[in-house]
C-alpha cells in the first residue's frame, strides 16, 4: 500500500465549510500547505468553523481567487448554490462537487470556461489491513484509515486533472489511489452499486438481526456474534473467493435469492432506472435528458 502526496500548492475555496462534510474536508485541508478559504452561511456552521480555529471568508472573495471550489453542501442545495457562485468563479478554475447525483442530473450551473469535476470517497475497505486502534475506529475514512477515492473531471488538460487529484487526496486523506471515471460512471457506482445495493443490504442485515432477536427470541449477543462473523466470511468468499461456500450453504443461498431477490433486479443499472433513482433522491418529478 503506497500513499503518494502532491507537493503543489493550490488556492482552494470550501463552500459549506461548517457542515458535516465541510468540516471533514476542512479538517484535512488545514493540515496541508494549500491556501484555503472557508465559506459558511449558517450561523451554526459559522460557529463550528470559528470554534475549529478557522477564519471565515465571504463567498464572492473566496471563489474569485480559487483554483478549485469545493462545494461541500447537500445535493438538494447544489442547484441554488452553483447558480449563485459558478458565475463568480475565475476562468479556468474547477467546480468540484462531492457527489455525482446533481451533476449527472444536470442541475448544476455550468460555464464554458469553468471545469466541472466530481469526487467521492470509497471509504476504508473491509479488507484493509489495519494496524492501529485509530485505523480500526475510522470506518468512514478521512481520519486515520487509508481509502481510495473516485473522481471525474470534464477536461483533457493534465494540469486540471492534477489539481483535482491533489485536492481529492487532501480532502479524503489518507488516500491510496484516485480512480478516474466519467460522471455517468460515477453515478452508476454511487448511488446504484454502493447505496442502492450495498447500503440496502447492510440495512437488510440489521433488519434480519432484529427479526432473529425480537421475533425468534435468540439472545442478541449470540445473534450479533454469528452474523458479524458470517458477514465477513460471506464478503470474503463472495467478493474475493477466499474459500468456497459449502454445498449446504449454496442451497440455502439459492433459497434466499428465490425468496428475497426479484429476478429482474439488475435493471437498476439501466440508464432509465438510474434517472428514476436520482429523481427520487433529488426530489424531482423526473430528469430531463
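In our numbering, the protein residues as written are 1259 to 1547. Ideal placement from N, C-alpha and C gives every residue a C-beta, glycine not left out. Just so you know, these numbers come straight off a predicted model, no measurement behind them.
Residue 1268, DSSP secondary structure in three states: Translated into the one-based positions of the chain shown, residue 1268 becomes position 10. In this structure, residue 1268 counts as coil in the three-state DSSP scheme.
Beta-ladder partner(s) of residue 1405, from DSSP: Taking the first residue of the chain shown as 1, we reach residue 1405 at position 147. DSSP lists 1433 as partners of residue 1405.
Length of the line joining the Cα atoms of residue 1537 and residue 1377: In the chain shown, the residue the question calls residue 1537 occupies position 279. In the chain shown, the residue the question calls residue 1377 occupies position 119. Each residue's Cα considered, the two are about 20 Å apart.
Please go through the same chain and pick out, in chain order, the residues whose beta-carbon is closer than 6 Å to the beta-carbon of residue 1375, but skip the five residues on each side of it. Numbered from its first residue, the chain shown carries residue 1375 at position 117. 1352, 1354, 1411 and 1422.
Entirely enclosed alpha helix (DSSP H) segments - the stretch 1303-1344, minimum 4 residues: 1317-1323 and 1333-1343
Return helix, strand or coil for residue 1397, following the three-state DSSP convention. Indexing the chain shown from 1 puts residue 1397 at position 139. If DSSP states are grouped into helix, strand and coil, residue 1397 belongs with coil.
Is it the case that the Cβ atoms of residue 1326 and residue 1434 are separated by a distance below 8 Å? Locating residue 1326 in the chain shown gives position 68, where the first residue counts as 1. Locating residue 1434 in the chain shown gives position 176, where the first residue counts as 1. For residue 1326 and residue 1434, no; Cβs fall outside 8 Å.
For the 8 Å Cβ check, are there 3 or more pairs between the stretch 1384-1394 and the stretch 1299-1317? no
Tell me where the beta strand (DSSP E) around residue 1353 begins and ends. Walking along the chain shown from the start, residue 1353 turns up at place 95. 1352-1355 is the extent of the beta strand (DSSP E) around residue 1353.
Closest by CA to residue 1404, which one among 1420, 1320 and 1428? Here residue 1404 refers to the residue found at position 146 when the chain shown is read from its first residue. Minimum Cα distance to residue 1404 is reached at 1428.
Please report the distance separating the alpha-carbon of residue 1338 from that of residue 1535. Position 80 of the chain shown, counting from 1, holds the residue named residue 1338. Position 277 of the chain shown, counting from 1, holds the residue named residue 1535. Answer to the nearest angstrom: the Cα atoms are 21 Å apart.
Can you find the residues in the same chain that come closer than 6 Å, C-beta to C-beta, to residue 1406, ignoring five residues on each side of it along the sequence? As a working note, residue 1406 is residue 148 in the chain shown. Closer than 6 Å at Cβ, skipping near neighbours: 1380, 1434 and 1435.
Quick one: give me the first and last residue of the alpha helix (DSSP H) that residue 1481 is part of. Position 223 of the chain shown, counting from 1, holds the residue named residue 1481. Here the alpha helix (DSSP H) through residue 1481 covers 1478-1493.
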